[in-house]
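Chains as they are written, first to last, in this note's numbering: chain H, 1 to 404; chain X, 1001 to 1404.
Encoded as structure tokens, the structure appears first; notes follow it.
Below, the structure is given as structure tokens:
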């Protein structure tokens, strides 16, 4: 048997993730830099400091209804039998919702509860309670109230609250700058080629699309480097420049074993390889490293392998970077319609599509190995087959982690 | 009692929505215009046509493993006892994963299963099956395969599949252009004011933030018009220009009854008022209209009222515009911790926050009426109290529609 000197020694998934995070912690990777941005552009960002109201909302006493502002005491004995008669500008003024209530009045009576008496008089038939239908100062937010906790994600409602309480700018955690370096002289950018022009051996580079889309969804900035051929110098230069300019470097490292070795050598030049090969399918030849304090991920070249790698390493990394608790992926339970086989010692990610029936979900495993984009295109989610299970039979109940 | 001539006759929620949609249907509002855009920028958009593969993926026979390409027939009798000896360039060539497999070979043997014999020979101890470890032409997508249905939302995986099958551009439904016109001379843009500069009677305009954030989330383009004061001519001009340039016009119509009337008059000038007043709280003075075939929504001024209006009318409108089935809002069930009172004949939207306990969710109603941003800031979701229920007691199990 032709053994390669560096045959991968796959590491169990959880252990691999732990090794990776443990190496990044002392490198201060998870300590984010903050930046001040316009609140109106902060949707989805993570507040880096607690925020407190700078003003009272409302900042003046105002009418909560259309009607008249009165002194409650002048209405004290009003009843249906003996209505109180009030005169405009002496006993009351008209107010619309939102209008300031003049200092001398302490209640608002709704216009629906008034009886007009001549041009400048009204009658009311019920006493007004002091404070009635008046929005008091600070009733929504008092100056000094805590509006947001540090670490909170900014929602549309938070943007409203921040703007209302005097914060047109806000300190947020910087979004990690993540770059994808596609490597391999066989790769071609899809936009650069027409249907007929593809030569045998050429491969369209589409893993960057997955990287870009998901990194943005998970709160990172995604940048795509141009395709880098196989020359060692070009690779080395691109990697060094990536380490200078980005917080996380992903190397699209081709699908063949030779490519893997090259990525490992490249990472060793600038830092350390922590894990090379993780015990799962599809996509075990993942590389996890650290260089100049920055995480480096060697992303396997097969599309499904790249896809699994993003969910298993990039998502938890970005969530921890943002200070968010790892997101619990929505899951459903259903009945498996075809047997699944798996290799002992490896976790298997089986892409499935879901069929909703009256009796619950039916779970259809999707055909095809790591190379098939069609199996992720059609996937509603996946089943994780544990390392010690070799087979799940049709008819069994399985838990599906859903994508959308 | 001082009755206003146009006191609102509130319409039940479902009926209001139906009246609105029924008026828009013949106006062709739901027939979207399509546009061709770059596939790489199409994430989240809706395909307006079915898409079919323009090429085979892969477009050439390739090695699925690192190893050697052989003629299966030459390995037919190979066994551990009698290995087959093969010579380089006569019986086999080396291939890496992804390499084209030359025409004359029909199987790949993994490098792990080879025994090197001298510099240009190998031995194998097992027959190779024809086709083994070869990715055949069109195995992922065959030219002509349907990649996407018309009406499908474009996922990261779909972008990959489209680029791979020769579609660097794609026809998608145009995103509806939605505009928000904040009206009222008391309104001030939050960015234009410092904490101390707010005068009594002034109100910060923040409903546009909710409109903008949620319209984008639901697939629309959101535009904000500058604040329009109370002059009839300015309002009329702004509305006319909005009808010329946008597909959906929302008028932030202030909080007072007088303002409502003005919005209604404005809509009548250019089209029809369909519904004025919907039987729910908070925020019943919603106006639904149609002008020049376009939906017009009078959004009540109180923040919570504006917020409910967005979920009740703008979201279903945009979902239907996009051709998506109305999204089923994620919901949880929990135990109510405080009594809720509601007005008979009105549906009540009660903002709540959720507390997760070992025994399940505890559901805390949030204090405050329609004017309090704090009640939507803290909300995890809401309870809908049906029209015929006046009270839900503490301890009852309730269904909470969750926001995030």
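For every residue, glycine included, the Cβ atom is placed at its ideal position computed from N, Cα and C.
In this text, all values refer to a predicted model and were calculated from it rather than measured experimentally.
According to DSSP, residue 1153/X shares a beta bridge with 1046/X.
According to the DSSP assignment, residue 349/H belongs to the beta strand (DSSP E) that extends over 347 to 357.
Nearest in C-alpha terms to residue 1377/X, of all of 39/H, 89/H, 140/H, is 140/H. Closest option to residue 1015/X, judged by alpha-carbon separation, among 1087/X, 1180/X, 1277/X, 1243/X: 1277/X. Taking a Cβ-Cβ cut-off of 8 Å, the neighbours of residue 1164/X in chain H comprise 190, 204, 206, 373, given in sequence order. In chain order, 60, 62, 98, 99, 100 make up the part of chain H whose C-beta sits under 9 Å from the C-beta of residue 1201/X. DSSP, read as helix, strand or coil, puts residue 101/H in coil. DSSP places residue 1216/X outside any beta strand (DSSP E); the residue lies instead in the alpha helix (DSSP H), whose first and last residues are 1207 to 1217. Contact check for residue 1249/X against residue 1283/X fails: the beta carbons are separated by 7 Å or more. Following the DSSP letters along the chain, one finds residue 1365/X inside the beta strand (DSSP E) bounded by residues 1360 to 1365. Going by C-alpha positions, residue 1026/X is about 41 Å away from residue 212/H.
According to the DSSP assignment, residue 1291/X belongs to the beta strand (DSSP E) that extends over 1287 to 1291.
Here residue 45/H is not near residue 165/H, since their CB atoms are 7 Å or more apart.
Proximity of residue 157/H to chain X, defined by a Cβ-Cβ separation below 7 Å, is satisfied. Residue 1177/X sits in a strand when the DSSP states are folded into three classes. At a Cβ-Cβ threshold of 7 Å, residue 229/H and residue 185/H count as neighbours. If you ignore the 5 residues before and after residue 1012/X, its C-beta comes within less than 6 Å of the C-beta of 1279, all in its own chain and listed in chain order. Rounded to whole angstroms, the gap between the alpha carbons of residue 1150/X and residue 1322/X is 11 Å. When the five nearest sequence neighbours on each side are left out, the beta carbons in the same chain lying within less than 7 Å of the beta carbon of residue 1183/X are those of 1228, 1235, 1251, 1252, 1253, 1254, in order along the chain. In this structure residue 1372/X is buried. Its beta-carbon is surrounded by 16 or more other beta-carbon atoms within 10 angstroms. As summarised for the segment 1232 to 1265 of chain X, the continuous beta strand (DSSP E) elements at least 3 residues long and confined to that stretch are 1248 to 1252, given in chain order. A distance below 7 Å between beta-carbons, with the five flanking residues on each side excluded, links residue 1076/X to the following residues of its chain, in chain order: 1127. Across the structure, residue 1121/X and residue 1057/X are spaced so that their CA atoms are roughly 33 Å apart. Under DSSP, residue 300/H takes part in no beta bridge, so it has no partner. When Cβ-Cβ separations below 7 Å define contact, residue 209/H makes contact with chain X. Each residue's CA atom was taken as its position, placing residue 1041/X and residue 1142/X some 24 Å apart. With three or more CB-CB distances shorter than 8 Å, the segment 1385 to 1397 of chain X counts as touching the segment 1341 to 1353 of chain X. With contacts defined as CB atoms closer than 7 Å, residue 1316/X and residue 1402/X fail to qualify as a contacting pair. When secondary structure is reduced to three states using DSSP, residue 23/H falls in the helix class.
Under a 10 Å Cβ-count criterion, residue 199/H is classified as exposed, with fewer than 16 other Cβ atoms of the shown protein chains found around its own Cβ. For residue 373/H, the enclosing alpha helix (DSSP H) stretches over residues 373 to 377.
For residue 1198/X, there is no enclosing alpha helix (DSSP H), as DSSP marks it with neither H nor E.
The three-state reading of DSSP puts residue 1268/X in helix, counting H, G and I together.
Using a Cβ-Cβ cut-off of 7 Å, residue 1376/X is close to 157 of chain H, given in chain order. The Cβ neighbour count for residue 1135/X, taken over all protein chains shown within 10 Å, is at least 16; the residue is labelled buried. Setting aside the 5 residues that flank it on each side, residue 290/H is surrounded in the same chain by 23, 24, 27, 271, 272, 274, 296, each with a C-beta closer than 7 Å to its C-beta; the list follows chain order.
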